[in-house]
Each structure stands twice: as C-alpha cells, then as structure tokens.
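Chemist: Keeping their order, the protein sequence lines are chains A and B. FYI, the numbering used here numbers position 379 of the first sequence as 379, with every residue one higher than the one before it. FYI, the numbering used here numbers position 331 of the second sequence as 331, with every residue one higher than the one before it. We put the CB at the ideal spot given by N, CA and C, even for glycine. Quick one: the structure is below, questions incoming.
Number of protein chains: 2
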Amino acid sequence: MTDFAATKALFHIPKGMIYLDGNSLGPLPKSAPARVARTMTDEWGEMLITGWNKAGWMAKATEVGDRVARLIGAEAGHVVMGDTLSIKVYQALAAALEMRPERKVILSDSGNFPSDLYMAEGLIKSLGQGHELRIVAPEEVEAHITEEVAVTLITEVDYRTGRLHDMKALTAKAQSVGALTIWDLAHTAGATDVKLAECKADFAVGCTYKYLNGGPGAPAFIYVAPRHADTVRPALSGWLGHEAPFAFDLSYRAGAGIERMRVGTPPILALAALEAALDAWENVDMAALRARSQSLTQLFLEEVEARCPMLTLASPRAAAARGSQVSFAFENGYAAMQALIARGVVGDFRAPDIMRFGFTPLFIDEGDVLSACDIIEEVMTGALWDRPEYHARAAVT
Amino acid sequence: MTDFAATKALFHIPKGMIYLDGNSLGPLPKSAPARVARTMTDEWGEMLITGWNKAGWMAKATEVGDRVARLIGAEAGHVVMGDTLSIKVYQALAAALEMRPERKVILSDSGNFPSDLYMAEGLIKSLGQGHELRIVAPEEVEAHITEEVAVTLITEVDYRTGRLHDMKALTAKAQSVGALTIWDLAHTAGATDVKLAECKADFAVGCTYKYLNGGPGAPAFIYVAPRHADTVRPALSGWLGHEAPFAFDLSYRAGAGIERMRVGTPPILALAALEAALDAWENVDMAALRARSQSLTQLFLEEVEARCPMLTLASPRAAAARGSQVSFAFENGYAAMQALIARGVVGDFRAPDIMRFGFTPLFIDEGDVLSACDIIEEVMTGALWDRPEYHARAAVT
Numbered sequence: 001m002t003d004f005a006a007t008k009a010l011f012h013i014p015k016g017m018i019y020l021d022g023n024s025l026g027p028l029p030k031s032a033p034a035r036v037a038r039t040m041t042d043e044w045g046e047m048l049i050t051g052w053n054k055a056g057w058m059a060k061a062t063e064v065g066d067r068v069a070r071l072i073g074a075e076a077g078h079v080v081m082g083d084t085l086s087i088k089v090y091q092a093l094a095a096a097l098e099m100r101p102e103r104k105v106i107l108s109d110s111g112n113f114p115s116d117l118y119m120a121e122g123l124i125k126s127l128g129q130g131h132e133l134r135i136v137a138p139e140e141v142e143a144h145i146t147e148e149v150a151v152t153l154i155t156e157v158d159y160r161t162g163r164l165h166d167m168k169a170l171t172a173k174a175q176s177v178g179a180l181t182i183w184d185l186a187h188t189a190g191a192t193d194v195k196l197a198e199c200k201a202d203f204a205v206g207c208t209y210k211y212l213n214g215g216p217g218a219p220a221f222i223y224v225a226p227r228h229a230d231t232v233r234p235a236l237s238g239w240l241g242h243e244a245p246f247a248f249d250l251s252y253r254a255g256a257g258i259e260r261m262r263v264g265t266p267p268i269l270a271l272a273a274l275e276a277a278l279d280a281w282e283n284v285d286m287a288a289l290r291a292r293s294q295s296l297t298q299l300f301l302e303e304v305e306a307r308c309p310m311l312t313l314a315s316p317r318a319a320a321a322r323g324s325q326v327s328f329a330f331e332n333g334y335a336a337m338q339a340l341i342a343r344g345v346v347g348d349f350r351a352p353d354i355m356r357f358g359f360t361p362l363f364i365d366e367g368d369v370l371s372a373c374d375i376i377e378e379v380m381t382g383a384l385w386d387r388p389e390y391h392a393r394a395a396v397t
Numbered sequence: 001m002t003d004f005a006a007t008k009a010l011f012h013i014p015k016g017m018i019y020l021d022g023n024s025l026g027p028l029p030k031s032a033p034a035r036v037a038r039t040m041t042d043e044w045g046e047m048l049i050t051g052w053n054k055a056g057w058m059a060k061a062t063e064v065g066d067r068v069a070r071l072i073g074a075e076a077g078h079v080v081m082g083d084t085l086s087i088k089v090y091q092a093l094a095a096a097l098e099m100r101p102e103r104k105v106i107l108s109d110s111g112n113f114p115s116d117l118y119m120a121e122g123l124i125k126s127l128g129q130g131h132e133l134r135i136v137a138p139e140e141v142e143a144h145i146t147e148e149v150a151v152t153l154i155t156e157v158d159y160r161t162g163r164l165h166d167m168k169a170l171t172a173k174a175q176s177v178g179a180l181t182i183w184d185l186a187h188t189a190g191a192t193d194v195k196l197a198e199c200k201a202d203f204a205v206g207c208t209y210k211y212l213n214g215g216p217g218a219p220a221f222i223y224v225a226p227r228h229a230d231t232v233r234p235a236l237s238g239w240l241g242h243e244a245p246f247a248f249d250l251s252y253r254a255g256a257g258i259e260r261m262r263v264g265t266p267p268i269l270a271l272a273a274l275e276a277a278l279d280a281w282e283n284v285d286m287a288a289l290r291a292r293s294q295s296l297t298q299l300f301l302e303e304v305e306a307r308c309p310m311l312t313l314a315s316p317r318a319a320a321a322r323g324s325q326v327s328f329a330f331e332n333g334y335a336a337m338q339a340l341i342a343r344g345v346v347g348d349f350r351a352p353d354i355m356r357f358g359f360t361p362l363f364i365d366e367g368d369v370l371s372a373c374d375i376i377e378e379v380m381t382g383a384l385w386d387r388p389e390y391h392a393r394a395a396v397t
C-alpha cells in the first residue's frame, strides 16, 4: 500500500497554499536543499575534480536514469538523464528519421507542446531532405498513422486539456505500418502509470521538473528501446556518449546502448536535487498512484462542474482518458486564475482561455481538492475575478 | 588594482591542498552553497511556479550571459547561458554552415577538444551534404584557412599543451577569405583576457566549470557577433528561443538576437551557483589577470625545468603563446600525477603522457607555486611515483 500521507509530508508547500500546479513546476522536496548542500560542500568542495570518480558523478546520469525508468515502465539500463527536453526530442527525432530514410512524414498533433514541434521544424530545415511535419487534431492521430509516416512525435498528455493518448494502441498501429514512435512524457512521468516497455515504444523523452519535482530547469531524460539502443546513430555525438570518452580520440565511436545518448558534462547539482526528489517515489506503486490521481481529478471535476456552471470542462470527462490534470475553459480565465492564486489556490492559465489544475497524489489529497473547490466556487459565483488587478498580465504566466 | 589576495579568500580549498586543476573543475566559491540554498528554499520553495517572474528566473540566462560577456570581451547582450558546451558547439556550427552553403570544409586542429570534433562529425553526417572536417596540426591552421573553408572550429587554448592560438590573426585571416570563425573558450574564459569583439570573432562558445568556477556540469555559453545575431537560423529551435514562447504558437519564429540561441528551460539551480562564482570576478581586471597568470606560469615552468630534468616541457616556452596552464611530458606521467595528488599537489593527466598544471590567479599565488615546485621536485627526483599504488588507473582520470 502506497502511503500518500507519508509522501505528502516530504514536500514543502507554503502555508495557506493549495498547489495545483505541480504539472508546471513540482514543489520543493524538504530533503533537497541539504542534499544539494552536501554535494556542494562535501563533494565539490572537498573532492574537487576527483568527485567524478569518488562521488560517482560520472555514473549519475544513468543511475538516476534507472530510477526514472521504473516510474515510466522502462527496462533498467535504457534511460539516461541530461540536457533539456527539447534537446532530447531532437536526439530521438534525428535518430528515428535516419532509421526510416525512405519516409518523409513526422506525424504530430495540435495538442503537442510547441517546443517539440519547433525542434522538429528546426531539424527538418537542417536536414533539407523534404521531410514534412504533419500536425493533425489529437483525435485524428490514429487515422493518420500510415505507411508514409517515419515517426510519430506525440506528447502523451495534452498540456492544455489533459487529454491522454492511448500509447498502446497508437504504438501498435505505428508498428503495424512500420512507423516509429517517440513519446513525450512531460505530463505523464510521475503522473500516470506509463508502460513504455509493455507498449513497445521506440523512444521516449521527458522532463523532471513537473510531476517528478526535480526543481526549475531539472535535467531531462531519454529512453531508447533495447532493440534500437545499440544501433541508433546519435546526431548529438558529444564526448560523454563516446565509447571511451577519456581516450580523447579524434573521431567518434558511439558508446554502448543508452550511453550514446549522453552529450556533454552532466549537471551534478541539478542531479543531486533530482535524487532527493526521487527518494519520495521509492515506495510508490504506480498503479496506486494512477488510481488515486483518477479519483482526485474526478472528484475535482464533478465538484467544480456542480458548483460553477460558468466553467466549461476542457478535459475528457472519463478519468481513463485524462492525465492528472483538469482544465476548464472560461473567457476571463486569466483573471479568474489570478483571483484564485491571490486566495491560495494555485493553478495556471494557458492561452486562449484554459484554466489548468494539476493533481499529483504525492502531495495533494481529498481535503485539498475540497478546499480548492470551495475557493473556486466563491471566486467564480461571486465574480471576484472581475477586478482590475487580476487583469494585468505579467510577461510570463 | 585587482586584489588577488581578496579573491583567493573567496574560494574553499581543502586544507593542505595546492589545487592546480582549476582548468578542469574550479573550486567551490564559499558563497555558493548559501546562494543555491536561498534559490531552493526562498525561491523554488516559497514562490514555486511564480519564481519564473518573481525571482527573475526567466531572465537569468541572458543576465548571467552579460556577466560572462565582460570576461571574454564580448558586447553586452550577445552572450546567453544554457545547455552544455557540446550543444553550443553544435548550435554555432550548424548556424555557420548555413551561412556559407557553397563551402564544405570545417577547419579544426588536432589540439581541439575531441567533443568539438565529435559534434562536428555528427552534424556532418546528419546534414549529408558532403561537408569535410579537416583536422590539421595546430601550427598549420593559419595556412589552411583558404576559400574552401566555411568555418574554423578552434579551441583557443589546447587542453593538453596549453598552446594559445592567435585569435586576432586567425580571425582576420578567416575574414580575408570569407570564412567564419567559431572560438571555443573552454580554456580561456576566466584564464586570459579574451577580446571577442576586438578580434571580430563570429561565434564563441565555452563552459563555466573550469576557470569560472561554476561547479560540476555548470551551464555553457554561446556568443554570436552582433552583425549575425538577428539573421542566424537556430538549428536547435527550442521554445525559449521563440519570439514569444508563451504564445504557444504551433510554428517557430526566432527571437531577437542572442535570445534565439536559447533552447529549453534554463537550469536555475546551476545558474545560482554560477552567479555566486561570478561575484568573485566583479572587481577583476582581465589584463591584470592575464599578467598575473603569465607570471605564475612562467615561475612554475622555470622552477620545474630547473629542478626536474626528467620532465619535458610540453607547453610553449613563451608566456604570450600559452594559456594559463603548463604541461610536461613524462613517460610515467599517470603514476607521477597520482604521487603528486597523494601529496596534495593536484594537477591532472592527459593521455598519453601529459602532466597538466593549471593556474588561476583568483586563488593561486606565488607561494602556492613555490610550494608545489618543492613537492614536484621531491616526487620526481626521488622517483616516489614508482610505487604500485600510483599505477592503478581509475575509470575516469
């Protein structure tokens, strides 16, 4: 039995705040500052350059990768940390396109996070081989997986609506027509019970600053299926992906398996924070997490719908078709979200009109959901958002 | 007058250690742990997602870039932090090759750091346009800058020998034949008085974990000359390089100037450590730094040569032709370096036979140099390195 009261106690949530934005930036694990301090003073400070061996820094990228692997249903030894999600998208996409040289279509959907699409655009221009980025509506992805498609580039959960793609069905469809799959797990790693190996995904990428609580700008990860791991060519062929980085050869030879997806020097301080964050997951059963996430989002959805008729549900109604967030459309969504934040209910706003609420069972419970619903009801039925101070937009929302 | 006794006091050097490996990993700035702790507890912990605005996280990549710009003689507003050095090499190279579509040669030298060469190799394969990575001896670079060359990819200081390229002359030669220049400043940023703007460099890249003391895996930087900044196409077109990242458009429009070289979410904890490290540079005059570096390396070189005839100088004899390191070749260099490290003199070893000693005036003074020379003399003349324990090699050196 996963003890979610125990995991809740591991996070710092500011007094009076109900934090429903863990899908944007997870909260601070209480143990993280001491862990990072130790890495800085005892390791960097005292060991200096020898920390790469003595403190095991060089192995962190794959060691931490193994811990993430369990949370996303990946085989151990096939996930590595590093860089940002955008870079990891590029690596996966460049590798996949080379595996299907005769095909020119990258299939994605309009609910994908824009950076994935931008990275694809950039790669297509660099390659100059006439690839096409085909963007269809989320519900039309399956029908568009044809023999033209080299690779699908899909974020499993839509960052705006929370709509969950069927990874198993889409991957099976892709494989039936000889297409490869890249799954972006930004909004699923730590939020649902992802089953990469079971679904036979080819590649997956994700970030760790959302549901995995690694901190602002925490390192990303990449998964390459074992059947491809020793044959894919790394387009970003940095020295740490070399078979023997410290031989300092003048030409590149790809390292074994997932090691070749490493690029440059790993971000040790950020990895230390992430290690502390991953401690919270040690005894978490991912099926239990998914069940709890579904019950929390369902409760929230039903309560808000019942109390706030002016809000239009923008997420799928069925829990099985959602990730761990619930979104509502509201014309004055920006101002309404500001009014909620002023009262301690922190969600976020996504243009043009989406109010987004994330639920991570590690630190959100039923009591939080009901308290949040009370405040949402008060703000919405009282039109408390209709004040000038809630309408001024900051540069970054 | 730069006060180097004052800067020395800002760093933590373990008791009894003379740290001559700041060219591999700089030591811990004493103020860095508290700075990072503050970022974690007061910003991440309390502000959560609003830290991107309230704590100014979103602007850190360019704000810190401006601080680095001064140290490398770059125009303010033209340096941005992020990713790793290898990724920044890729960005610069991809941009440069597109600016010279009719030319197919990337010119580099055998003293370049291998990762730069590997990234070039990877890009060439991806492009499939018949580019050639031409690697010549360091002293032959100038003669090989011809009208065939699209871009030179040169690390200003050779990581093994410390040999310093003449940035001004090579850049002028490149420009005279219509070639572009990318300067890798890994071993010069914070070590010499780099003058990017004065030399009219086109691109520069570097890391911050060596002489800039940002910590293991600290973020890299990239410089794009103002004359190219608004026209280069970013091959790694991530969302934070978009003109309006938070508009979440489905297609990419490059941001203004150096902003377009941003890719993904910036590593905030690592940037906090780097900010603390950069505080040490606030009152440092780079010409004074260069003068002091030359005097320290010259003293070391002369003392070691006089005392240890078995060591062969592998660095240029003239201070003006060196960066801030001195290297000696010695057949049993690995064991000798282990024996030195056991006695508190920490340099490093680079295959096949290079003993490398770095001098950063921020925390190394004449007293350190002379003490190090005493220990080196003792170890070398007494053949104290000839013990089995110094010959066992770790995986990472």
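Could you name the residues of the segment 347 to 361 of chain B whose beta carbon sits closer than 8 Å to any beta carbon of chain A, in the order they occur along the chain?
Modeler: Asp348, Arg350, Ala351
Chemist: Just list the residues that DSSP pairs Ala254 (chain B) with in beta bridges.
Modeler: B:His242
Chemist: At the 9 Å Cβ level, is His242 (chain A) part of the contact set with chain B, yes or no?
Modeler: yes
Chemist: Kindly list, in the order they appear in chain A, the residues whose Cβ is closer than 7 Å to that of Glu46 (chain B).
Modeler: Pro14
Chemist: What does a CB cutoff of less than 7 Å around Gln175 (chain B) pick up in its chain, not counting 5 residues either side in sequence?
Modeler: Lys200
Chemist: Can Ile222 (chain A) and Gly77 (chain A) be called in contact, C-beta distance under 9 Å?
Modeler: no
Chemist: Start and end of the beta strand (DSSP E) containing Met40 (chain A)?
Modeler: Where Met40 (chain A) is concerned, there is no enclosing beta strand (DSSP E), given that its DSSP letter is neither H nor E.
Chemist: Are the C-beta of Leu340 (chain B) and some C-beta of chain A separated by less than 9 Å?
Modeler: no
Chemist: What separation, rounded to the nearest whole angstrom, lies between the Cα atoms of Ala37 (chain B) and Leu250 (chain A)?
Modeler: 40 Å
Chemist: Roughly how many angstroms separate the alpha carbons of Val396 (chain B) and Val149 (chain A), rounded to a whole number?
Modeler: Residue placement at Val396 (chain B) is poorly supported in this model, since its pLDDT is 46, which falls under 50; the coordinates are not used for a value here.
Chemist: Applying the 10 Å Cβ sphere with the 16-neighbour rule, what's the burial state of Met1 (chain B)?
Modeler: exposed
Chemist: Give a yes or no on whether 9 Å exceeds the smallest Cβ distance from Gln325 (chain A) to chain B.
Modeler: no
Chemist: Starting from Gly51 (chain A), follow the alpha helix (DSSP H) in both directions and report where the run begins and ends.
Modeler: 51 to 54
Chemist: Would you say Val177 (chain A) reaches chain B, if we count a Cβ-Cβ gap shorter than 9 Å as a contact?
Modeler: Contact of Val177 (chain A) with chain B is not assigned, every C-beta pair being separated by 9 Å or more.
Chemist: Could you give the residue range of the beta strand (DSSP E) that holds Tyr390 (chain B)?
Modeler: Run containing Tyr390 (chain B): none; DSSP gives neither H nor E here.
Chemist: Based on the DSSP output, what are the partners of Arg343 (chain A) in its beta bridges?
Modeler: Answer by DSSP bridge pairing: none, since Arg343 (chain A) is not bridged.
Chemist: Note down, in chain order, every chain B residue with its Cβ under 8 Å from the Cβ of Glu121 (chain A).
Modeler: Ser237, Ser251, Tyr252
Chemist: Determine, using beta carbons only, whether Val284 (chain A) comes closer than 9 Å to chain B.
Modeler: Residue contact check for Val284 (chain A) against chain B: no CB pair falls below 9 Å.
Chemist: Distance cutoff 9 Å, beta carbons only. Does Lys104 (chain B) sit that close to anything in chain A?
Modeler: no
Chemist: Can you tell me which residues form a DSSP beta bridge with Gln435 (chain B)?
Modeler: Since the first residue of chain B shown is 1 and the last is 397, residue 435 (chain B) is not available in this structure.
Chemist: Provide the residue(s) that pair with Val149 (chain B) in DSSP beta bridges, ordered along the chain.
Modeler: B:Val105
Chemist: When the cut-off is 9 Å and only beta carbons count, does Gly190 (chain A) lie next to chain B?
Modeler: no
Chemist: Could you give the distance in angstroms between the alpha-carbon of Glu275 (chain A) and the alpha-carbon of Ala254 (chain B)?
Modeler: 35 Å
Chemist: Using a Cβ-Cβ cut-off of 7 Å (strictly less than) and excluding sequence neighbours within five positions of Val263 (chain A), which residues of its own chain qualify?
Modeler: Sequence-distant Cβ neighbours of Val263 (chain A) in its own chain, meaning closer than 7 Å and more than five residues away, are Gly82, Asp83, Leu236, Gly238, Leu240, Gly241.
Chemist: If we ignore side chains and look at the alpha-carbon of each, how far apart do Tyr19 (chain B) and Asp202 (chain A) end up?
Modeler: CA-to-CA, the gap between Tyr19 (chain B) and Asp202 (chain A) works out to about 46 Å.
Chemist: Take every Cβ of the segment 17 to 31 of chain B, pair it with every Cβ of the segment 327 to 336 of chain B, and state whether three or more of those distances are shorter than 8 Å.
Modeler: no
Chemist: Please list the residues of the segment 21 to 44 of chain B that have a C-beta atom closer than 7 Å to any C-beta atom in chain A, keeping them in chain order.
Modeler: Asp21, Ser24, Leu25, Pro27, Leu28, Ala32, Pro33, Val36, Ala37, Met40, Thr41, Trp44
Chemist: Does the Cβ of His391 (chain A) have 16 or more other Cβ atoms within 10 Å, making it buried, or fewer, making it exposed?
Modeler: Exposed is the label assigned to His391 (chain A), since fewer than 16 other Cβ atoms lie within 10 Å of its Cβ.
Chemist: Just to make sure I have the definition right: I need the residues of chain E whose C-beta is within less than 7 Å of the C-beta of Pro266 (chain B). Which are they?
Modeler: Of the protein chains in this structure, namely A and B, none is chain E.
Chemist: Per DSSP, Trp183 (chain A) forms a beta bridge with which residues?
Modeler: A:Ile154, A:Ala204
Chemist: Relative to chain A, which residues along the segment 72 to 84 of chain B have a C-beta separation below 9 Å, given in chain order?
Modeler: Gly82, Asp83, Thr84
Chemist: Among the candidates B:Thr231, B:Leu271, B:Ile376, B:Ala314, whose CA atom is the shortest distance from the CA of Asp158 (chain B)?
Modeler: B:Ala314
Chemist: Who are Pro234 (chain A)'s beta bridge partners in DSSP?
Modeler: None, per the DSSP bridge assignment.
Chemist: With a Cβ-Cβ cutoff of 9 Å, do Ile269 (chain A) and Met40 (chain A) count as a contact?
Modeler: What sits at residue 269 (chain A) in the sequence shown is Leu, not Ile. Yes, the Cβ-Cβ distance between Leu269 (chain A) and Met40 (chain A) is below 9 Å.
Chemist: Hey, does Met17 (chain A) have any beta-carbon neighbour from chain B nearer than 9 Å?
Modeler: yes
Chemist: For the beta strand (DSSP E) containing Leu133 (chain B), list its first residue and its last residue.
Modeler: 132 to 136
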